[in-house]
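**Student:** Dropping the structure in here first, questions after.
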Amino acid sequence: MNPNNASIQPVIEGLGYTQHGTGPECVLVLHDWLGDHTSYDSVIPYLDGAMFTYVFADLRGYGKSFHITGNYTVQEIAADCLKLADSLGWQHFHLMGHSMTGMAVQRIAADAPSRIKSVVAVCPISAAGNQMNDEALNFFASTGESDDNFRRLIKYVSGGLSDQWANAKLRQNRETVAPACRLGYLNMLTKTNFVNDVRGLEMPYLIVIAERDPGLDEDAMKNTFLAWYPNAELLTIPNCGHYPMQECPPYFATIIEKFLHSQIRIRR
Numbered sequence: 029m030n031p032n033n034a035s036i037q038p039v040i041e042g043l044g045y046t047q048h049g050t051g052p053e054c055v056l057v058l059h060d061w062l063g064d065h066t067s068y069d070s071v072i073p074y075l076d077g078a079m080f081t082y083v084f085a086d087l088r089g090y091g092k093s094f095h096i097t098g099n100y101t102v103q104e105i106a107a108d109c110l111k112l113a114d115s116l117g118w119q120h121f122h123l124m125g126h127s128m129t130g131m132a133v134q135r136i137a138a139d140a141p142s143r144i145k146s147v148v149a150v151c152p153i154s155a156a157g158n159q160m161n162d163e164a165l166n167f168f169a170s171t172g173e174s175d176d177n178f179r180r181l182i183k184y185v186s187g188g189l190s191d192q193w194a195n196a197k198l199r200q201n202r203e204t205v206a207p208a209c210r211l212g213y214l215n216m217l218t219k220t221n222f223v224n225d226v227r228g229l230e231m232p233y234l235i236v237i238a239e240r241d242p243g244l245d246e247d248a249m250k251n252t253f254l255a256w257y258p259n260a261e262l263l264t265i266p267n268c269g270h271y272p273m274q275e276c277p278p279y280f281a282t283i284i285e286k287f288l289h290s291q292i293r294i295r296r
């Protein structure tokens, strides 16, 4: 799908991506574990392409980077994203990550703090990782093969949305996520911890959580992001689950760009 005003870019040497807008403020946007850049398709018509240049990147094994294999580590993600920013000619830019890549944007910010203007972390996994017991880990791993378990997971994190919604997310996953990368990134999510590298980073952070997203709640954010980052603020989206960019796209675009505009005004 190619929403209005979105230009599909060819795969460069490195990560594939889709670009929207040609504005002076550059924003690198990353996706979650279960889907590629197309998770943001619904929000693109509501974004300000005159002020911002959004690049929606696909990690190795996803979407336009489906064919690229790797070690599937957070360090690899950060290196790939910084290489992409270099290829785009971006010296300084904003970051946005969702769920799994809420962790990745923290790694990028730690590796290149002088380049990052601000960070938006949406329903994010922290730099401490998402530690699970064996039963939960086995269930998450099973979603790569079991359609029923995949649907169960989607409905759980989305606050019980419809079967049609779960089926749509299943189709997206099966069509855009390479089987080889799924367990690698799950291992990254559950076993990575780089908290000591991010404590005290001073760039502005907007932490977005959703009222109906279990586990990633206000208390979890207070004990992680808000405790580590001196310039972090928290915003909760009401009546929404783990995919606010798909569940309430106009509102999601509004709150993201309100934050980004505030950072532009501060710098001026």
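One gets the working numbering by counting positions in the sequence shown from 1 and adding 28 to each.
Every residue, glycine too, gets a C-beta built ideally from N, C-alpha and C.
Give the DSSP-derived three-state secondary structure of F222 in the structure shown.
**Tutor:** Mapped onto the sequence shown, residue 222 falls at position 194. F222 falls in the coil class under three-state DSSP.
**Student:** Which partner residues does E125 have in the DSSP bridge list?
**Tutor:** Taking the first residue of the sequence shown as 1, we reach residue 125 at position 97. For clarity, residue 125 is Gly in the given sequence; the question names Glu instead. DSSP lists A149 as partners of G125.
**Student:** Over what stretch of residues does the alpha helix (DSSP H) that includes V102 continue unbroken?
**Tutor:** The residue labelled residue 102 in the question sits at position 74 within the sequence shown. Unbroken alpha helix (DSSP H) run through V102: 102-116.
**Student:** For V148, tell me which candidate among A208, M131, K219 has the shortest Cα-Cα distance.
**Tutor:** The residue given as residue 148 occupies position 120 in the sequence shown. It is M131 whose Cα lies nearest to the Cα of V148.
**Student:** Near F253, what residues of its chain come up, given a Cβ to Cβ distance below 8 Å and the 5 sequence neighbours on each side ignored?
**Tutor:** Working through the sequence shown from its first residue, we reach residue 253 at position 225. Once the five neighbours on either side are set aside, the close Cβ partners of F253 are A149, P152, S154, Y233, I235, A260, L262.
**Student:** Taking 8 Å as the cut-off, decide whether the C-beta atoms of G49 and G89 are in contact.
**Tutor:** Here residue 49 refers to the residue found at position 21 of the sequence shown. Here residue 89 refers to the residue found at position 61 of the sequence shown. No; because the gap between Cβ atoms is not below 8 Å, this pair is not in contact.
**Student:** Does the region 192-204 touch the region 59-72, meaning 3 or more C-beta pairs lie closer than 8 Å?
**Tutor:** The region 59-72, when compared against the region 192-204, does touch it at the 8 Å Cβ threshold.
**Student:** Please state the DSSP three-state secondary structure of I235.
**Tutor:** As a first step, residue 235 must be located in the sequence shown, where it is residue number 207. Strand.
**Student:** Using the Cβ count rule (16 or more neighbours within 10 Å means buried), how would you classify N251?
**Tutor:** Locating residue 251 in the sequence shown gives position 223, where the first residue counts as 1. Flag for N251 reads exposed.
**Student:** Whose C-alpha, out of E53, N224, E173, is nearest the C-alpha of D139?
**Tutor:** Along the sequence shown, read from residue 1 onward, the residue named residue 139 stands at position 111. Minimum Cα distance to D139 is reached at N224.
**Student:** Output needed for P278: all residues of its chain with C-beta closer than 6 Å, excluding positions within five of it in sequence on either side, in chain order.
**Tutor:** Within the sequence shown, numbered from 1, the residue matching residue 278 stands at position 250. For P278, where only same-chain residues beyond five positions count, the Cβ hits under 6 Å are Y74.
**Student:** Taking C-beta to C-beta, are T129 and H59 nearer than 8 Å?
**Tutor:** Within the sequence shown, residue 129 is the residue found at index 101, counting from 1. Within the sequence shown, residue 59 is the residue found at index 31, counting from 1. For T129 and H59, yes; Cβs fall inside 8 Å.
**Student:** With a threshold of 6 Å on Cβ separation, who are the neighbours of F222 within its own chain once the five nearest residues in sequence on each side are excluded?
**Tutor:** Numbered from its first residue, the sequence shown carries residue 222 at position 194. Closer than 6 Å at Cβ, skipping near neighbours: A155.
**Student:** If you run the structure through DSSP and keep just helix, strand and coil, what is C268?
**Tutor:** In the sequence shown, the residue the question calls residue 268 occupies position 240. It is coil, neither helix nor strand.
**Student:** Does DSSP classify N30 as helix, strand or coil?
**Tutor:** Counting from 1 along the sequence shown, the entry for residue 30 is found at position 2. Its pLDDT being 42, under 50, N30 is placed unreliably in this model, and the coordinates cannot settle the point.
**Student:** Alpha carbon to alpha carbon, how far is H270 from N161?
**Tutor:** Residue 270 sits at position 242 when you count from the first residue of the sequence shown. Residue 161 sits at position 133 when you count from the first residue of the sequence shown. Roughly 21 Å between the two C-alpha positions.
**Student:** Which residues share a DSSP beta bridge with Y90?
**Tutor:** To locate residue 90, count along the sequence shown from 1; it is residue 62. Its beta-bridge partners are V205.
**Student:** Quick test of your reading: Y100 and Q47, contact by CB under 8 Å. State the CB separation rounded to the nearest angstrom.
**Tutor:** Position 72 of the sequence shown, counting from 1, holds the residue named residue 100. Position 19 of the sequence shown, counting from 1, holds the residue named residue 47. That pair is no contact at about 25 Å.
**Student:** DSSP three-state call for E261: helix, strand or coil?
**Tutor:** Taking the first residue of the sequence shown as position 1, residue 261 is located at position 233. Reduced to three states, the DSSP call for E261 is strand.
**Student:** Tell me which residue opens and which closes the alpha helix (DSSP H) that E246 is part of.
**Tutor:** Locating residue 246 in the sequence shown gives position 218, where the first residue counts as 1. 246-250 is the span of the alpha helix (DSSP H), which, as asked, contains E246.
**Student:** Under three-state DSSP, which class holds I144?
**Tutor:** As a position in the sequence shown, residue 144 is number 116, starting the count at 1. Strand at I144.
**Student:** Residues in its own chain within less than 6 Å of F94 by CB, not counting five upstream and five downstream?
**Tutor:** Residue mapping note: residue 94 aligns to position 66 of the sequence shown, counting from 1. Once the five neighbours on either side are set aside, the close Cβ partners of F94 are A206.
**Student:** Closer than 8 Å by C-beta to L112: which residues in its own chain qualify, once you throw out the five before and the five after it? Chain order, please.
**Tutor:** The sequence position of residue 112 within the sequence shown is 84, counting from 1. Taken in chain order, the residues that qualify are I40, G42, L43, Y45, L56, V83, A85.
**Student:** Restricting to Cα atoms, I'd like to know which of N215, Y184, E275, A137 is closest to L244.
**Tutor:** Taking the sequence shown and counting its residues from 1, one reaches residue 244 at position 216. Ranking the options by Cα distance to L244, first place goes to Y184.
**Student:** By the 10 Å Cβ neighbour count, where 16 or more other Cβ atoms means buried, how is K286 classified, buried or exposed?
**Tutor:** Counting from one through the sequence shown, the residue named residue 286 turns up at place 258. Flag for K286 reads exposed.
**Student:** Where does H289 fall in DSSP's three states?
**Tutor:** Looking up residue 289 in the sequence shown gives position 261. In the structure shown, H289 sits in a helix (DSSP, three-state: H, G or I).
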